[in-house]
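Below is one structure, written out as structure tokens; the observations come after it.
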Amino acid sequence: MNPIESVPHELRIGEGPELHLGISTCPNDTFAFSRLLDAAMQPGESTLDTGGFTWRIELLDIDELNQRLLAGEFDLAKTSFHAALLMADQTRVLPVGSALGFGVGPLLLAAREGEKPQNPDQITLCPGEHTTAHLLFRLFYPDSTSVRQVVFSEIMPALQRGEADFGVCIHEGRFTYAESDLHLAADLGNLWENATKRPLPLGGLVMRDRHAPATMAAACDVIGRSLKSARQTPNSALPAMRRYAQEMDDSVLMQHVELYVNDWTEDLGSVGQDALTTLSEMAQQVGLGAAKLRFFCGETGI
Numbered sequence: 001m002n003p004i005e006s007v008p009h010e011l012r013i014g015e016g017p018e019l020h021l022g023i024s025t026c027p028n029d030t031f032a033f034s035r036l037l038d039a040a041m042q043p044g045e046s047t048l049d050t051g052g053f054t055w056r057i058e059l060l061d062i063d064e065l066n067q068r069l070l071a072g073e074f075d076l077a078k079t080s081f082h083a084a085l086l087m088a089d090q091t092r093v094l095p096v097g098s099a100l101g102f103g104v105g106p107l108l109l110a111a112r113e114g115e116k117p118q119n120p121d122q123i124t125l126c127p128g129e130h131t132t133a134h135l136l137f138r139l140f141y142p143d144s145t146s147v148r149q150v151v152f153s154e155i156m157p158a159l160q161r162g163e164a165d166f167g168v169c170i171h172e173g174r175f176t177y178a179e180s181d182l183h184l185a186a187d188l189g190n191l192w193e194n195a196t197k198r199p200l201p202l203g204g205l206v207m208r209d210r211h212a213p214a215t216m217a218a219a220c221d222v223i224g225r226s227l228k229s230a231r232q233t234p235n236s237a238l239p240a241m242r243r244y245a246q247e248m249d250d251s252v253l254m255q256h257v258e259l260y261v262n263d264w265t266e267d268l269g270s271v272g273q274d275a276l277t278t279l280s281e282m283a284q285q286v287g288l289g290a291a292k293l294r295f296f297c298g299e300t301g302i
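For the sequence shown, counting from 1, position 298 maps to 298 in the UniProt record's numbering; every step adds exactly one.
Written as structure tokens, this is what we have:
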């Protein structure tokens, strides 16, 4: 059995009205939510303030998170910003929990050195139809190859087996692909940065707009405290990260955190909102977007 399959992927912590939270198993999410995850694993020993809620937490692959959020599940969830564009009329982007920055983009990997995506006989593997990684591939390599959607953890092994020509790599694999004898065809984040001069928004937390602003603010407070605590003592988050990581090497896990967790994760701010507006406009230009994103700005207004 895969060790990841042997750990619980649904946890509960706290007392009060239930908030159904979905997050991914990638290290930046398990890092940010490590205080909640650890408390849920040892509820009898926890003194964590859960904000007066029962948190029902599910840890899933990012594509499954996107699909279930689009299907109407979860009160709040980490989602690809591509998926967030498709449900902007039902949700608000929370100021905490986002993954965006410079040098954080997905990598387009090639099975053979020197090859580029250029004809429909080639196959590119992407980690889900509604992931931002897929959106970026469509933006910068439109109509270039056939695209197949697979679980992100299967992309590099499939390339190694020769089952595809290219794969869009996310999560820990960006640090280890060379060890798998794979080759960098393009850094999709660099293409974004050169085109927009803005940090790349990959994913973030959204919450159903049926919830009152006070509930959104309370949820942000709990999540923000977990994230701030983890950033103050990063090594304390390693047990939670190891439980769900594809890559078990601690140095790789912390490289992932250093890349994807930053000040914008604590507060999206105007720079983050501007980057998301740019992503929305570019997606709409090629028919891949929907409504304009809306942002939660505190109890006094949205």
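By construction, the Cβ of each residue, glycine as well, lies at the ideal position given by its N, Cα and C atoms. This one's a predicted model, so the numbers in the text were calculated from it and none came from an experiment.
Grab me the residues of residue i's own chain with a C-beta within less than 7 Å of its C-beta, minus the 5 sequence neighbours each way, in chain order.
| i | result |
| --- | --- |
| G301 | For G301, the predicted model reports a pLDDT of 46, less than 50, meaning its position is unreliable and no value from the coordinates is stated. |
| F31 | A230, A237, M241, V257 and V261 |
| T50 | I13, G14 and V222 |
Let's see if you can read the secondary structure: which residues bound the alpha helix (DSSP H) around residue i?
| i | result |
| --- | --- |
| L70 | I62 to L70 |
| I170 | Where I170 is concerned, there is no enclosing alpha helix (DSSP H), given that its DSSP letter is neither H nor E. |
| V261 | Run containing V261: none; DSSP gives neither H nor E here. |
| H82 | F81 to L86 |
| R243 | L238 to Y244 |
| L279 | G269 to Q285 |
| L159 | I155 to Q160 |
Check this for me: beta carbons of residue i and residue j, under 9 Å apart or not?
| i | j | result |
| --- | --- | --- |
| L109 | F166 | yes |
| T47 | L19 | no |
| L59 | Y244 | yes |
| R225 | R92 | no |
| L279 | F81 | yes |
With H, G and I counted as helix, E and B as strand and the rest as coil, what does DSSP make of residue i?
| i | result |
| --- | --- |
| K197 | coil |
| I223 | helix |
| T30 | helix |
| D38 | helix |
| D187 | strand |
| H20 | strand |
| A178 | helix |
Which same chain residues, not among the five before or five after residue i, have their C-beta less than 8 Å away from its C-beta?
| i | result |
| --- | --- |
| C297 | P95 |
| E154 | L125 |
With a threshold of 8 Å (Cβ to nearest heavy atom), would residue i be considered close to the ligand ADP?
| i | result |
| --- | --- |
| F166 | As presented, the structure is devoid of all ligands, the ligand ADP included, so that no description of it is given. |
Could you name the residues of the same chain whose beta carbon sits closer than 6 Å to that of residue i, not counting the 5 residues immediately before and after it, in chain order?
| i | result |
| --- | --- |
| N2 | Confidence is the limiting factor: at N2 the pLDDT is only 44, short of 50, which leaves the residue's position unreliable and the question unanswerable from this model. |
| L191 | F140 |
With distances taken from CA atoms, which of the options is nearest residue i?
| i | options | result |
| --- | --- | --- |
| G52 | M216, D263, A237 and L202 | M216 |
| V115 | S144, M207 and L11 | Correcting the residue type first, residue 115 is Glu in the shown sequence and not Val. The shortest Cα separation from E115 among S144, M207 and L11 belongs to S144. |
| L85 | L36, T131 and D49 | T131 |
| E10 | P27, L37, D181 and N28 | L37 |
| I62 | T79, A71, F74 and E73 | T79 |
| G272 | C220, M207 and G203 | G203 |
For the beta strand (DSSP E) containing residue i, name the first residue and the last one.
| i | result |
| --- | --- |
| T124 | I123 to C126 |
Comparing the C-beta of residue i with each C-beta of chain B, is any distance below 9 Å?
| i | result |
| --- | --- |
| N66 | Here there is only one protein chain, and chain B is not present. |
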